[in-house]
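> Chains as they are written, first to last, in this note's numbering: chain A, 1 to 175; chain B, 176 to 740.
(1) Is any beta-carbon of chain C found at less than 7 Å from that of residue 165 of chain A?
(2) Check whether the Cβ atoms of residue 598 of chain B and residue 539 of chain B sit closer than 7 Å, and answer yes or no.
(3) Please work out which residues of its chain come closer than 6 Å, Cβ to Cβ, to residue 172 of chain A, disregarding the five sequence neighbours upstream and downstream, and give them in chain order.
(4) Assign residue 635 of chain B to one of three DSSP states: helix, strand, or coil.
(5) Would you call residue 154 of chain A buried or exposed, if buried means 16 or more other Cβ atoms sit within 10 Å of its Cβ?
(6) Using 6 Å as the cut-off, classify the Cβ of residue 152 of chain A as near or not near the heavy atoms of the ligand FMN, replying yes or no.
(7) Excluding the 5 residues preceding and the 5 following residue 639 of chain B in the sequence, name in chain order all residues of the same chain whose CB lies nearer than 7 Å to its CB.
(8) Does the CB of residue 396 of chain B have a neighbour CB from chain A at under 7 Å?
(9) Are residue 273 of chain B and residue 448 of chain B closer than 7 Å when you measure CB to CB?
(10) Give the DSSP-derived three-state secondary structure of residue 601 of chain B in the structure shown.
(11) Tell me the DSSP bridge mates of residue 681 of chain B?
(12) DSSP on residue 568 of chain B, reduced to helix/strand/coil?
(13) Which same chain residues, not among the five before or five after residue 260 of chain B, have their C-beta less than 7 Å away from its C-beta?
(14) Tell me the DSSP secondary structure of residue 143 of chain A in three-state form.
(15) Can you tell me the Cα-Cα spacing of residue 168 of chain A and residue 42 of chain A, whole angstroms?
(16) Hey, does residue 14 of chain A have any beta-carbon neighbour from chain B nearer than 7 Å?
(17) Under 8 Å, with one C-beta from each stretch per pair, do the segment 253 to 270 of chain B and the segment 316 to 328 of chain B reach the 3-pair mark?
(18) Suppose you measure from the CA of residue 513 of chain B to the CA of residue 478 of chain B; what does that come to, to the nearest Å?
(19) Spatial neighbours of residue 634 of chain B within its chain, please: CB distance less than 7 Å, with the 5 preceding and 5 following residues excluded, ordered by chain position.
(20) Between residue 415 of chain B and chain A, is the shortest Cβ-Cβ distance under 7 Å, so that the two count as touching?
(21) Terminal residues of the continuous alpha helix (DSSP H) containing residue 77 of chain A?
(22) Among B:651, B:427 and B:425, which has the Cα closest to the Cα of residue 241 of chain B?
(23) Buried or exposed for residue 159 of chain A, please, with buried defined as at least 16 other CB atoms from any protein chain shown within 10 angstroms of its CB.
(24) Should residue 360 of chain B and residue 324 of chain B be called a contact, given that it needs their Cβ atoms to be closer than 7 Å?
(25) In this structure, does DSSP put residue 348 of chain B in helix, strand or coil?
(26) Could you have a look at residue 703 of chain B and say whether DSSP puts it in helix, strand or coil?
(27) Three Cβ pairs or more, each shorter than 8 Å: is that satisfied between the segment 386 to 405 of chain B and the segment 435 to 445 of chain B?
(28) Indicate whether at least one CB of chain A lies closer than 7 Å to the CB of residue 399 of chain B.
(29) Between residue 332 of chain B and chain A, is any beta-carbon pair separated by less than 7 Å?
(30) Using a Cβ-Cβ cut-off of 7 Å (strictly less than) and excluding sequence neighbours within five positions of residue 535 of chain B, which residues of its own chain qualify?
(31) Quick one: Cα of residue 305 of chain B to Cα of residue 522 of chain B, how far?
(32) Spell out whether any CB of chain A is found under 7 Å from the CB atom of residue 424 of chain B.
(33) Three or more C-beta pairs under 8 Å: does that hold for the segment 119 to 126 of chain A against the segment 13 to 23 of chain A?
(34) Just reading off the alpha helix (DSSP H) that residue 233 of chain B is part of, what are its end residues?
(35) When you compare only the Cα positions, how much space is there between residue 31 of chain A and residue 558 of chain B?
(36) Run through chain A and tell me which residues come within less than 7 Å of residue 357 of chain B, C-beta to C-beta.
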């Protein structure tokens, strides 16, 4: 899983670099970035960060075989992740209403590609968490250590990528 | 070691393995040997397609102002030739050998993730079919294998013929094969870390396994850059994003940087397993242990590191600033050093050995000479002004064919002659092999050496024809004629593969007197690989075993701690 993460990291680095390279070169970007709601996104960011902690707790309980707290923490992780995705979705809707689209300018292009691919990874993470939750509910996890380890490494990675994206996109705009 | 294997069940050839009978056993296989064979077979078919395209090109160029092919058709042909050879022929062929031999050489039962292994193969096959399927749409990619923006852009509406769907098939196909490659890379690395036989320390790992592992690291870290670039291109074409749209401020250089950040490690991905193969073959056929084992592995590791720091030398002509030129020129010169170390080590291995010139060895020796020529013409390009003059000329074509064809393909041929007996249980014909070898050496050098001069005379690559100048006309005529000789050599190879499969001499366990673990089992290996793994006490476990038998009073092999080093 770590090797896979290394590969994914390169993928995101290229997309982030594409954003950074085009930052400020696009004529209409200042217009578009006005619509970014930084405090609101910060709240959703907090959700995602917090979900890493809940995942960590879920992992501890799963490994020691305490089902009830494990399920609770897993559910909390899933909810927090879903809240983040919902936040991203509503942000997209708002931006598109303001006519900030992927083909408007380079800001739109790089912004939607980068956050979109991150969102896709969060979504895949949610599917993995859901599968883990379902298996645990039915008591079908045969090798809890490996499965939990993989899912939680992936989830922490998705979180970490956002910790780079958030300052690069949202905080840089404030400067 | 024959006595340790239950001979009653030993299959004589691949057709006699009970578990491999029937189409379903192949389609549903998760056995690393079957998947390796499927990789190699599929890639051979793509290889034949690629070499046919090459002969089509040489036929078009046989005389000046030829109008046999239209410019559009010629563009498609060279694009598909490059894409096929790099992504669908050579890379998977090497992957096939890696998947087949890594577990055998480290004494493992299979790879760590057998099902993921199968996934990697099927992704590759489907990706390859998708790329070739674009022929049926009547419009294949025209833009060269590097597919520079904006040639791939929908907005390239000045020439509407460039807009077609070929690009989309190419993007999707490459993302699929790329994902397959990444999964295989993970598999190889985990296998080497986790499943080594007892006492198979990293310092006792065969060099082929070392180089395959470094290769896996390169695949793992280079291909996602290509995938990211492809994704951006796909966004541009289908969601009207603006990454490479210059009118909206987008920059085609972003494509070039992302592509070559993948592309340069890629050329080492295409050669490292080949280095590994000759590092196995040369010692066996010189009857000497490899010279400078530690230096070989360290050189491979440093090639791995440096290969991520040289990509911009593909872009010297794009007008970057001088600091960038200096840095990349320096790293480019630097990466020649570990490669040089390897060449000296191979020569030193042969030095004073009792060399047996079987076909496998002949290909290895020719590889050393031809790769050195290709390497030297590569170092020339590190000098920025020379690069400015010669870039995009036939000098470049000659250079990289000396590394990829004269280098990688010759190592792969050596690998075939060396390991075909292990894979199928039957020997390849040495007689046909030697005919093939000489045809290929003469054909290859005749085709490509002279193209250096075409480049120096100013002939640009990727153009469907050339004016009727006396020197260009004769150079191209000679080159094209030799290309057919090369093609004939490949044809004989194909015949040899098929005929020997049914009629070849039975190989036995260890026809070459090899020393690594894959020779300790039957040919073809039993589906579970080993009955009993010999103890690993040095780089050459079978040598130890043999000498334990020969010396009276040393009955147990483990009494010979490290006696070969």
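Ideal placement from N, C-alpha and C gives every residue a C-beta, glycine not left out.
Let me spell this out:
(1) The structure shown contains no chain C; its protein chains are A and B.
(2) Contact: no.
(3) Cβ within range, chain order: n/a, list empty.
(4) Reduced to three states, the DSSP call for residue 635 of chain B is strand.
(5) With 16 or more other Cβ atoms within 10 Å, it is buried.
(6) Absence of the ligand FMN from the depicted structure is noted, as is the absence of any ligand whatsoever, leaving it without description.
(7) The beta carbon of residue 639 of chain B lies closer than 7 Å to those of 235, 244, 246 and 249 in the same chain, with the five residues before and after it left out.
(8) True, the Cβ-Cβ gap to chain A drops below 7 Å.
(9) For the pair residue 273 of chain B and residue 448 of chain B, the CB atoms are nearer than the 7 Å cut-off.
(10) In the structure shown, residue 601 of chain B sits in a strand (DSSP, three-state: E or B).
(11) Bridge partners of residue 681 of chain B: B:601.
(12) Reduced to three states, the DSSP call for residue 568 of chain B is strand.
(13) Cβ within range, chain order: 225.
(14) Coil.
(15) Going by the C-alpha atoms only, they are around 13 Å apart.
(16) For residue 14 of chain A, the nearest beta carbon of chain B is closer than 7 Å to its own beta carbon.
(17) Touching, per the Cβ criterion.
(18) So the alpha carbons of these two residues sit roughly 6 Å apart.
(19) The answer, listed in chain order, is 568, 569, 641 and 647.
(20) Interface flag for residue 415 of chain B against chain A is set, since a Cβ pair is found closer than 7 Å.
(21) Per DSSP, residue 77 of chain A belongs to the alpha helix (DSSP H) from 67 to 97.
(22) Comparing C-alpha distances from residue 241 of chain B to each of B:651, B:427 and B:425 shows the shortest one belongs to B:651.
(23) Taking all protein chains in view, the Cβ of residue 159 of chain A is crowded by 16 or more other Cβ atoms within 10 Å, so the residue is classified as buried.
(24) Taking a C-beta distance under 7 Å as the contact criterion, residue 360 of chain B and residue 324 of chain B do not qualify as a contact pair.
(25) Residue state for residue 348 of chain B is assigned as helix, using DSSP reduced to three classes.
(26) Of the three classes helix, strand and coil, the one that applies to residue 703 of chain B here is coil, per DSSP.
(27) The answer is yes - the segment 435 to 445 of chain B touches the segment 386 to 405 of chain B, with three or more Cβ pairs under 8 Å.
(28) In terms of beta-carbon proximity, residue 399 of chain B lines the interface with chain A, with at least one pair separated by less than 7 Å.
(29) With a pLDDT of 42 at residue 332 of chain B, under the threshold of 50, the modelled position of that residue is not reliable, and the figure given next carries that caveat. Interface residue (Cβ-Cβ distance to chain A less than 7 Å): residue 332 of chain B is not classified as such.
(30) Closer than 7 Å at the Cβ level, and outside the excluded window around residue 535 of chain B, lie 456, 460, 589, 592 and 593.
(31) In this structure, the alpha-carbon of residue 305 of chain B lies about 43 Å from that of residue 522 of chain B.
(32) By this cut-off, residue 424 of chain B is an interface position.
(33) The answer is no - the segment 13 to 23 of chain A does not touch the segment 119 to 126 of chain A, with fewer than three Cβ pairs under 8 Å.
(34) Residue 233 of chain B -> alpha helix (DSSP H) spans 207 to 235.
(35) Near 45 Å, if we compare the C-alpha coordinates of residue 558 of chain B and residue 31 of chain A.
(36) Residues of chain A passing the Cβ test: 7.
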